[in-house]
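Under this note's numbering, the final residue of the sequence shown carries the number 380; numbering is consecutive throughout. Every residue gets a Cβ at the ideal spot worked out from N, C-alpha and C, and that includes glycine. Please read these numbers as outputs of a predicted model, since none were measured by experiment.
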Amino acid sequence: MSESVEHKFLSDRTLDVLEGMSNTGLYAFKETDRKKFDFTCDLVRDWSRLISGQTLWKHSEGIDKDLRILLSDDESKITLYVARDTTSNRRTVHEIISDTKKTPMRERLARLRTVWIPSDFDADKEEDRETVWQLLTERLTRDLLISVILGGVSVRDIEAVGMRGRTPGLSLALIESIASDGFVSVPNLARRLSVSTTMVRNRIQLLAAFGLLDGADSAVITYQPSVKGKVVLDICRSLVMAANSDVGVTPEFQYVLEVLGMRYVREPVPLHWCPSGLPATLAPEEQFKGLVCESRNATNIFGIEWSRPFFERTPPSVP
């Protein structure tokens, strides 16, 4: 059964979007052997996540087979179903998912993401290709990359590190210090950053409440940066690197900034720039400037060097 032009376009462009967005520098991309799938790839952040997907366009009778292939695969951490958006297709997918919830495979539904494509899409029309490209970019960035690969980082997290209080840069310095040198105790961390234990304790509690730090309750409480905590560090690292060069940031990175409530500003941001209000009330340009200032203050006040990204650029080896 030959595939349609639309089927091929959707499979290829899905991989193109995932590969292109790796230009953010926030994760690494590697295409893998497709085997029985329409497309597969590894997305690498703190670990390697194998993504496999199927594409549906003309042959609606294949929905049951497609979903069973996706749900029965043991290796894939995330499964994508890129499908033509019709009432009958949605009804069939809904019925299969409902039936699966009654079986031992119901837990695998959590890893399934469906991307619906307008039913009148014509891959021979340039304007249709552009529209679907934008749709894939938006859906995959928000529903897959941001929410899964990048730990669910959000506008709220950017606002959290922007709550500078009396000590600009402290939130980022705390996360970075714990990520680089570990957490021993609040007094130890306070000595490392030359601030009071009360200030460190209060800020750690705030960052843990926002999910930027993971805390483990035991005889002695310990903390480590969450996935999205490390993502915030890598975003700030990129901003510092861009501020120290004439290159700027990639279009893909700018798009992620927009999703996170910021708008990239190419002009230099003064070190002592102050926002016009509380983080939640700031315009996208001010949100961006505020994060740049917090990143630079983490360097100037606490000596954070932003020397390396907090993810491995190659998939971890299998023991």
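Beta-carbon proximity of residue i to residue j, cut-off 7 Å
i           : j           : result
residue 250 : residue 261 : yes
residue 174 : residue 205 : yes
residue 295 : residue 132 : no
residue 155 : residue 118 : no
residue 209 : residue 321 : no
residue 180 : residue 147 : yes
residue 139 : residue 110 : yes
residue 134 : residue 159 : no
residue 325 : residue 332 : no
residue 276 : residue 270 : no
residue 236 : residue 286 : yes
residue 359 : residue 240 : no
residue 184 : residue 70  : yes
residue 245 : residue 258 : no
residue 203 : residue 372 : no
residue 72  : residue 100 : yes
residue 231 : residue 252 : no
Simplified DSSP assignment, three categories, for residue i
i           : result
residue 141 : strand
residue 102 : strand
residue 132 : helix
residue 378 : Because the pLDDT of residue 378 is 43, which lies under 50, any placement of that residue in the model is unreliable, and the number read from its coordinates should be weighed accordingly. Residue 378: coil per DSSP, three-state reduction.
residue 117 : strand
residue 51  : Limits of the chain in this structure are 62 at one end and 380 at the other, which puts residue 51 out of reach.
residue 334 : coil
residue 146 : strand
residue 275 : strand
residue 258 : helix
residue 218 : helix
residue 87  : coil
residue 6   : With the chain running from 62 to 380 in the structure shown, residue 6 is simply not present.
residue 291 : helix
8 Å CB neighbourhood of residue i in its chain, flanking five on each side removed
i           : result
residue 200 : 176
residue 167 : 161
Distance, residue j Cα to residue i Cα
i           : j           : result
residue 327 : residue 350 : 10 Å
residue 212 : residue 153 : 31 Å
residue 310 : residue 298 : 11 Å
residue 150 : residue 334 : 53 Å
residue 315 : residue 303 : 12 Å
residue 306 : residue 93  : 34 Å
residue 163 : residue 125 : 16 Å
residue 129 : residue 143 : 15 Å
residue 348 : residue 290 : 18 Å
residue 267 : residue 64  : 52 Å
residue 329 : residue 145 : 45 Å
Same chain, Cβ closer than 6 Å to residue i, neighbours up to 5 away in sequence not counted
i           : result
residue 301 : 356, 367
residue 121 : 150
Cross-strand partners of residue i (DSSP beta bridge)
i           : result
residue 92  : 102
residue 233 : Answer is none; residue 233 lacks a bridge partner.
residue 177 : 144
residue 112 : 102, 139
Contact set for residue i: own chain, Cβ-Cβ below 7 Å, skip 5 residues either direction
i           : result
residue 90  : 79, 80, 83, 102, 104
residue 194 : 74
residue 115 : 98, 99, 127, 130, 131, 142
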